[in-house]
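Heads up: take any position in the sequence shown, counting from 1, add 749, and you land on the working numbering.
This report refers to the structure that appears directly beneath it.
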Amino acid sequence: MRSGMRYWAAFLLIVLIALSGCVSPPALTVTLETPTNGGSVPSLTPMLAWSCSGPANSYHLQVASDANFQSVIIDVINLGNVSYTIPLGNLSPDQTYYWRVSATTDGRASGWSAYSSFKTQAIRGTTVKVNATVDGAPWSGTVNYTISGARTDSSSSVPMNFTELPVGTYTITYNSGAPPGATLVSIIPSPTQTLPSGGTITFTLNFHKQVTSAIMVKATVDGTPWSGAVNYSISGLKADAGYTVPQNLDNYPAGIYILTYNYGGPAGATLVSITPSPTQSLSTGGAINFTLNFQRQLTGVITVNAVVDGSPWSGPCNYTITGPATNYGTSTPQNFVNQPAGVYTLTYNSGGPPGAMITGITPSPTQSLSTGGAINFTLNFQRQLTGVITVNAVVDGSPWSGPCNYTITGPATNYGTSTPQNFVNQPAGVYTLTYNSGGPPGAMITGITPSPTQKLSTGGAINFTLNFQRQFVGTIVVNATLDGAPWRVAIGSGVVNYTVTGPRTESSSTIPQTFSSCPSGTYTLTYSSGGPIGATLASITPSPSQNLPSGGTIVFTMNFHGQAKGSVTVMAVIDGQPWSGSVSYTLNGPYVDSGYSVPETFSNCPQGIYTLSYMSGGPPSTVLERITPGPTQSLAPGGSVTFTLHFHFVGLPQEPGLLK
750 MRSGMRYWAA FLLIVLIALS GCVSPPALTV TLETPTNGGS VPSLTPMLAW
800 SCSGPANSYH LQVASDANFQ SVIIDVINLG NVSYTIPLGN LSPDQTYYWR
850 VSATTDGRAS GWSAYSSFKT QAIRGTTVKV NATVDGAPWS GTVNYTISGA
900 RTDSSSSVPM NFTELPVGTY TITYNSGAPP GATLVSIIPS PTQTLPSGGT
950 ITFTLNFHKQ VTSAIMVKAT VDGTPWSGAV NYSISGLKAD AGYTVPQNLD
1000 NYPAGIYILT YNYGGPAGAT LVSITPSPTQ SLSTGGAINF TLNFQRQLTG
1050 VITVNAVVDG SPWSGPCNYT ITGPATNYGT STPQNFVNQP AGVYTLTYNS
1100 GGPPGAMITG ITPSPTQSLS TGGAINFTLN FQRQLTGVIT VNAVVDGSPW
1150 SGPCNYTITG PATNYGTSTP QNFVNQPAGV YTLTYNSGGP PGAMITGITP
1200 SPTQKLSTGG AINFTLNFQR QFVGTIVVNA TLDGAPWRVA IGSGVVNYTV
1250 TGPRTESSST IPQTFSSCPS GTYTLTYSSG GPIGATLASI TPSPSQNLPS
1300 GGTIVFTMNF HGQAKGSVTV MAVIDGQPWS GSVSYTLNGP YVDSGYSVPE
1350 TFSNCPQGIY TLSYMSGGPP STVLERITPG PTQSLAPGGS VTFTLHFHFV
1400 GLPQEPGLLK
């Protein structure tokens, strides 16, 4: 009974312990993954990575140079990640290292993992050289720089060789120091280079000695040297600022410099210029001088007057005066006192004497006011008195009245509908008359006298006269000659095309030709194409352009020159024997004609290709076999050709009763 009670008591104790969370969780196990055990790493800053069988709060890493971890070189706790990169400077080349990791969770630490080893690469004859030049020549001396990369090193002198460095990318950083009076301008071939295994790279620091120059800043007031407080800035290859003059500024590199005035200077004076220029070029070892020129301004007086038609006038008038000071005037005469010296311009805005217009500002709209001086602007007005404009018309030299449309433009615009017509109360000025339409029936405008543009003076009068002319018709005749003999368009002679242009335009292909009822004027005959066959146009007489008077006649003669003519003969034979008689045929070519018998000769034929076409007829009971030497032949200038029709006798027809 007692043994059973002890059993249940023990069981209950176990249950209570389990329910209260006192049972320990499974232990964590750390596994090393990278680098692989016994492997090699490519650099002196390898990354170590591991994994854990469960979640851990932190990790503890140790790296040693022995498997017993008696010589620990890295001991890092509270790592939150499952990887760690060894910082540069902890490992050496061609060495074997051992590492292990433990995990911690909820304050309980796991045991160490099984250790793993890795080996760093050996260094095989690698070298980094650092040289220096000054203005292109080798230089040795004190200069501070740092080389960073697979290994970090530094030095304070050149030239320098760094040997047995691990392979990788290296960057040189210039810190300080240089040849006296020189500055670093470049690092060649590049500030960053890659060092291969067993190789060498060279960094060359290139310095340049700058020959410095000087800048002097001075000041004057009213042309006299002045010294005192003034604020200015200098910009260029070297920027600077000054607070007093005169002042010498040294050690400036050569280049372009600009001096900018900010404020200050002689009391009561203003800066008027910087001489010789606010922008100057400083040469190597040279000097430039900026002079700030100040002027004390004493005030002057500006007076504005007005005249109308040459007489003084006073009253409301709006104008603006611009310059060192700006003023707005509302009347004349008006004085503006205490004005600073300088250049002023007066601009008229509006107002002035009623019915008058501004004609000018004397002695000039822009004037210079000297210190303590005075200038005067005079507004010159003129009252406009009206005049009269008259428009008349003549036809063929005789006065004419009737409807006519025209426009008069100028200081005033008018539209006229008849002549004669007067336009009164017109302001003086320049007027132009433009003819629009209308006028005497059958007449055309030939001009406006004494001029289409005239000037109307105050109280004066001008007259425009529209000059018309009635046109009478005439006759135009067009003839032609061939080698001096009259020629006309006919069958076989050729065709011609021409145009007559002028007050009226006509085109034709007929010679001779008469054009009647043509308005008088200048006409021009233009030859287009064609003419006598085989001929070319030599001239148009008496002239290609002629004047047709009213009721008159002009004659254009086109003169052609022909080529030497030849002849074409048509013959016939019957079975080789000459034959003459009736036969119908056509001759086609530059010369075209028809024939009705043989033999026959066609003379005055121009050169070219001719074709003989047989139509009908010939010896009875025959048939045409051929035309020799051919139905088409070429006729040379002044030559001759012969067409022969060859007929063959085929026998007499039999009577119907004789047929068997």
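C-beta atoms are modelled at their ideal positions from N, C-alpha and C, and glycine is treated no differently.
Where the beta strand (DSSP E) through residue i begins and ends
i, result
"serine 903", "902-907"
"tryptophan 799", "796-801"
"glutamate 782", "779-783"
"serine 1030", "1028-1031"
"isoleucine 1282", "Taken as a continuous stretch (DSSP letters only), isoleucine 1282 belongs to no beta strand (DSSP E), as it is neither H nor E."
"valine 877", "876-883"
"serine 807", "807-813"
"glutamate 1255", "1255-1257"
"phenylalanine 1264", "1262-1268"
"alanine 1055", "1048-1057"
"asparagine 817", "Premise fails: asparagine 817 is in no beta strand (DSSP E) and is neither H nor E."
"tryptophan 1328", "1326-1328"
"asparagine 1246", "1245-1250"
"tryptophan 848", "845-854"
Exposed unless 16 or more other CB atoms sit within 10 angstroms - verdict on residue i
i, result
"valine 1372", "exposed"
"leucine 797", "buried"
"proline 1199", "exposed"
"asparagine 1084", "exposed"
"valine 772", "Bear in mind that the predicted position of valine 772 carries a pLDDT of just 47, short of 50, making it unreliable; the figure below should be weighed with that in mind. So valine 772 ends up on the exposed side."
"glutamine 819", "exposed"
"proline 1189", "buried"
"serine 1269", "buried"
"proline 784", "buried"
"tyrosine 1012", "exposed"
"threonine 875", "buried"
"valine 1173", "exposed"
"phenylalanine 1398", "exposed"
"arginine 1375", "exposed"
"glutamine 844", "exposed"
"serine 1117", "exposed"
"isoleucine 1138", "buried"
"valine 850", "buried"
"methionine 1364", "exposed"
"glycine 770", "Low confidence applies here, because glycine 770 scores a pLDDT of 46, under 50, leaving its location unreliable and the question unanswered by this model."
"glycine 1280", "buried"
"isoleucine 763", "The pLDDT assigned to isoleucine 763 is 49, lower than 50, so where the model puts this residue is not dependable; a value taken from the coordinates is nonetheless given after this. It counts as exposed."
"isoleucine 826", "exposed"
7 angstroms CB neighbourhood of residue i in its chain, flanking five on each side removed
i, result
"asparagine 839", "Ile822, Ile823"
"leucine 1095", "Val1053, Tyr1068, Ile1070, Ile1110, Pro1114, Phe1126"
"glycine 1366", "Ser1331, Val1332, Ser1333"
"serine 935", "Asn955"
"asparagine 997", "Ala963, Met965"
"serine 982", "Ala990, Thr1009, Asn1011"
"isoleucine 1358", "Gly1338, Thr1381, Ser1383"
Same chain only: Cβ atoms within 8 angstroms of residue i, ignoring 5 sequence neighbours per side
i, result
"alanine 1192", "Val1144, Asp1145, Phe1217, Gln1218, Arg1219, Gln1220"
"leucine 777", "Cys801, Ser802, Gly803, Ala805, Ala852, Thr854, Ser859"
"proline 1368", "Ala1321, Ile1323, Trp1328, Gly1330, Phe1396, Phe1398"
Cutoff 6 angstroms; reference residue i; Cβ partners in own chain excluding five residues on either side
i, result
"threonine 1306", "Asn1228, Thr1290"
"valine 1179", "Gly1159, Lys1204"
"isoleucine 950", "Val877, Gln942, Leu944"
"glycine 1344", "Val1319, Tyr1334"
"glycine 1014", "Val979, Phe1043"
"valine 1390", "Val1317, Gln1382, Leu1384"
"serine 1256", "Thr1248"
Exercise. Does the region 1103-1110 come within contact of the region 1118-1136, defined as at least 3 CB pairs closer than 8 angstroms?
Worked result: yes
Exercise. Between the region 847-856 and the region 905-925, do three or more beta carbon pairs fall short of 8 angstroms?
Worked result: no
Problem set entry | Completely contained alpha helix (DSSP H) runs for the region 931-1006, where each covers 4 or more residues | none
Exercise. Is the number of C-beta pairs between the region 1229-1243 and the region 1204-1211 that are closer than 8 angstroms three or more?
Worked result: no
Exercise. Looking at C-beta atoms only, is the number of pairs between the region 1324-1343 and the region 1366-1386 that lie closer than 8 angstroms three or more?
Worked result: yes
For this session: Just list the alpha helix (DSSP H) runs in the region 1332-1407, keeping only unbroken ones of 4 residues or longer that don't cross its boundaries, in chain order.
Result: none
Problem set entry | Contact the region 1273-1292 vs the region 1250-1264: 3+ CB pairs below 8 angstroms | yes
Exercise. What are the uninterrupted segments assigned as beta strand (DSSP E) that are 3 or more residues long and contained completely in the region 1075-1123, given in chain order?
Worked result: 1076-1081, 1083-1089, 1091-1100, 1105-1111, 1115-1118
Exercise. Using 8 angstroms as the threshold, is the region 900-919 in touch with the region 863-883, meaning 3 or more CB pairs across them?
Worked result: yes
Problem set entry | Residue ranges of each beta strand (DSSP E) within the region 1186-1226, 3 or longer | 1192-1198, 1202-1205, 1210-1219
Exercise. Are the region 964-973 and the region 900-908 touching, with three or more C-beta to C-beta distances below 8 angstroms?
Worked result: no
For this session: Starting from the N-terminal side, write out each stretch of the alpha helix (DSSP H) that is 4 residues or longer and does not extend beyond the region 1148-1184.
Result: none
Exercise. Touch check for the region 1306-1317 and the region 1345-1357: three-plus C-beta pairs under 8 angstroms?
Worked result: yes
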